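J.: The structure's right below; bear with me while I get my questions together.
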Amino acid sequence: KAGVTQTPRYLIKTRGQQVTLSCSPISGHRSVSWYQQTPGQGLQFLFEYFSETQRNKGNFPGRFSGRQFSNSRSEMNVSTLELGDSALYLCASSPGGLAGGPTPPETQYFGPGTRLLVL
Amino acid sequence: AQKVTQAQTEISVVEKEDVTLDCVYETRDTTYYLFWYKQPPSGELVFLIRRNSFDEQNEISGRYSWNFQKSTSSFNFTITASQVVDSAVYFCALSEKKSGGYQKVTFGIGTKLQVIP
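Respectively, the protein sequence lines represent chains A and B. One gets the working numbering by counting positions in the first sequence from 1 and adding 86 to each. One gets the working numbering by counting positions in the second sequence from 1 and adding 3 to each.
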């Protein structure tokens with residue numbers, strides 16, 4: 087099976103701009119989670135999508151948003167970029183289980199990440 | 004509260020030495036999973052192992068071994084005869100199942116391992 091893919095791999099933007107990152111999960115996986123990784127804060131959970139619905143959300147401002155399509159591909163959008171948004175953005179996929187069902191914790195498989203630099 | 008502590012931020016060892024990466028976790032749940040991931044300089048987190056809270060058996064995979072002790076809430080990772088290719092950042096993570104079907108995953112801050120030839 088192909089792994090998790092993320093595009094683009096590298097991105098340079100300026101403050102105030104917006105950016106959209108894309109993630110394609112492993113085939114058959116329906117859950118996609120997004121993380122922000124910075125040297126000072128480590129891996130911070132942004133949100134999780136399952137069956138086109140946001141199922142879980144971390145503590146990030148509303149400038150960070152996402153969506154998931156019917157083929158489970160997900161996009162993450164950051165509007166009005168700030169210098170502090172410079173980070174590695176990682177996407178992870180997992181099977182996802184059944185919505186609302188007794189799903190045990192699952193292994194998340196990560197993509198290569200998108201390195202975003204905000205100038 | 005869910006918490007993962009990796010007290011060692013950076014470790015340097017000489018090639019062929021053994022090294023242990025520590026991971027201590029906190030959780031109120033009785034059912035949870037623990038993970039180790041490796042992040043090489045390329046950035047991608049590579050899954051190494053998953054352990055559920057009911058399985059305290061230690062595991063060995065080649066030069067890698069894991070020691071899970073619920074009594075001390077620890078899930079330590081040992082690399083035997085380290086190699087330069089082991090140089091990476093290693094993350095320990097804790098996952099709990101929450102109502103609504105989603106899981107809450109908390110990562111440690113990571114331990115940067117440098118293996119010197």
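Built from N, CA and C at the ideal position, the CB exists for glycine as well. Here the structure is a predicted model, which means the values were calculated and not measured.
Which value, in whole angstroms, describes the spacing of the CA atoms of residue 98 of chain B and residue 168 of chain A?
T.: To locate residue 98 of chain B, count along the second sequence from 1; it is residue 95. To locate residue 168 of chain A, count along the first sequence from 1; it is residue 82. Going by the C-alpha atoms only, they are around 30 Å apart.
J.: Whole angstroms is fine: what's the gap from residue 179 of chain A's alpha carbon to residue 102 of chain A's?
T.: Within the first sequence, residue 179 of chain A is the residue found at index 93, counting from 1. Within the first sequence, residue 102 of chain A is the residue found at index 16, counting from 1. The alpha-carbon atoms of residue 179 of chain A and residue 102 of chain A are separated by roughly 30 Å.
J.: 9 Å is my cut-off, CB to CB: does residue 28 of chain B come that close to chain A?
T.: Start at 1 with the first residue of the second sequence, and residue 28 of chain B comes out as number 25. Answer no: the Cβ-Cβ gap between residue 28 of chain B and chain A never drops below 9 Å.
J.: If you scan the segment 15-63 of chain B from start to end, which runs of the beta strand (DSSP E) of 3 or more residues do you find wholly inside it?
T.: 22-24, 27-29, 35-42 and 49-55
J.: Within this structure, are the beta carbons of residue 35 of chain B and residue 61 of chain B separated by less than 9 Å?
T.: Your numbering for residue 35 of chain B matches position 32 in the second sequence. Your numbering for residue 61 of chain B matches position 58 in the second sequence. No, the Cβ-Cβ distance between residue 35 of chain B and residue 61 of chain B is not below 9 Å.
J.: Could you tell me which whole beta strand (DSSP E) segments of length 3 or greater appear in the segment 92-164 of chain A?
T.: 96-99, 105-110, 117-124, 128-136, 139-143, 150-154 and 160-164
J.: Between A/95, A/137, A/115 and A/104, which has its C-alpha nearest residue 89 of chain A's C-alpha?
T.: Mapped onto the first sequence, residue 89 of chain A falls at position 3. Nearest C-alpha to residue 89 of chain A: A/115.
J.: Ignore the nearest five residues each way along the sequence and tell me which others in residue 91 of chain A's own chain have a CB closer than 7 Å to its CB.
T.: Position 5 of the first sequence, counted from the first residue, corresponds to residue 91 of chain A. Answer for residue 91 of chain A: 110 and 197, listed in chain order.
J.: Could you compute how far the alpha carbon of residue 121 of chain A sits from the alpha carbon of residue 104 of chain A?
T.: Looking up residue 121 of chain A in the first sequence gives position 35. Looking up residue 104 of chain A in the first sequence gives position 18. Cα to Cα, the separation comes out at about 18 Å.
J.: So the beta strand (DSSP E) residue 117 of chain B belongs to, where does it begin and stop?
T.: Reading the second sequence from its first residue, position 114 is the one you call residue 117 of chain B. Counting along the chain, the beta strand (DSSP E) containing residue 117 of chain B begins and ends at 114-119.
J.: Residues of chain B with CB under 7 Å from residue 199 of chain A, in chain order?
T.: Stepping through the first sequence from its first residue, residue 199 of chain A is reached at position 113. Result: 46 and 47.
J.: List the residues of chain B whose Cβ lies closer than 8 Å to the Cβ of residue 195 of chain A, in chain order.
T.: The residue given as residue 195 of chain A occupies position 109 in the first sequence. Result: 50.
J.: Quick one: Cα of residue 53 of chain B to Cα of residue 39 of chain B, how far?
T.: Residue mapping note: residue 53 of chain B aligns to position 50 of the second sequence, counting from 1. Residue mapping note: residue 39 of chain B aligns to position 36 of the second sequence, counting from 1. Note on geometry: alpha-carbon atoms of residue 53 of chain B and residue 39 of chain B lie some 7 Å from one another.
J.: Work out the CA separation of residue 202 of chain A and residue 24 of chain B for me, nearest whole Å.
T.: In the second sequence, counting from the first residue as 1, residue 24 of chain B sits at position 21. In the first sequence, counting from the first residue as 1, residue 202 of chain A sits at position 116. Each residue's Cα considered, the two are about 29 Å apart.
J.: Quick one: Cα of residue 105 of chain B to Cα of residue 67 of chain B, how far?
T.: Taking the second sequence and counting its residues from 1, the one referred to as residue 105 of chain B is at position 102. Taking the second sequence and counting its residues from 1, the one referred to as residue 67 of chain B is at position 64. Taking the straight line from one Cα to the other gives about 30 Å.
J.: Please confirm whether residue 112 of chain B has its beta-carbon closer than 9 Å to some beta-carbon of chain A.
T.: As a position in the second sequence, residue 112 of chain B is number 109, starting the count at 1. Cβ-Cβ to chain A under 9 Å: yes for residue 112 of chain B.
J.: Taking only beta carbons into account, state which residues of the segment 111-137 of chain A come closer than 9 Å to chain B, listed in chain order.
T.: 117, 119, 121, 123, 127, 128, 129, 130, 131, 134 and 136
J.: Strictly below 8 Å CB to CB, what residues from chain B border residue 174 of chain A?
T.: Start at 1 with the first residue of the first sequence, and residue 174 of chain A comes out as number 88. Going along chain B in sequence order, the residues near residue 174 of chain A (Cβ under 8 Å) are 46.
J.: Taking only beta-carbon positions, decide if residue 178 of chain A is within less than 9 Å of chain B.
T.: Your numbering for residue 178 of chain A matches position 92 in the first sequence. At a cut-off of 9 Å between beta carbons, residue 178 of chain A contacts chain B.
J.: Would you mind sorting residue 147 of chain A into buried or exposed? The rule is 16 or more other CB atoms within 10 Å of its CB.
T.: In the first sequence, the residue the question calls residue 147 of chain A occupies position 61. Per the 10 Å Cβ criterion, exposed.
J.: At a CB-CB cut-off below 7 Å, which residues of chain A make contact with residue 88 of chain B?
T.: In the second sequence, the residue the question calls residue 88 of chain B occupies position 85. For residue 88 of chain B, no chain A residue has a C-beta closer than 7 Å to its own C-beta; the minimum C-beta separation is roughly 18 Å.
J.: Using a Cβ-Cβ cut-off of less than 8 Å, list which residues of the segment 67-87 of chain B approach chain A; keep chain order.
T.: Against chain A - using a Cβ distance shorter than 8 Å - the segment 67-87 of chain B contributes no residues.
J.: Does the beta-carbon distance from residue 17 of chain B to residue 119 of chain B come in below 9 Å?
T.: Translated into the one-based positions of the second sequence, residue 17 of chain B becomes position 14. Translated into the one-based positions of the second sequence, residue 119 of chain B becomes position 116. Cβ atoms of residue 17 of chain B and residue 119 of chain B: closer than 9 Å.
J.: How would you label residue 108 of chain B, buried or exposed, when you count the other beta carbons within 10 angstroms and need 16 or more for buried?
T.: As a working note, residue 108 of chain B is residue 105 in the second sequence. The residue is buried, with at least 16 neighbouring Cβ atoms inside 10 Å.
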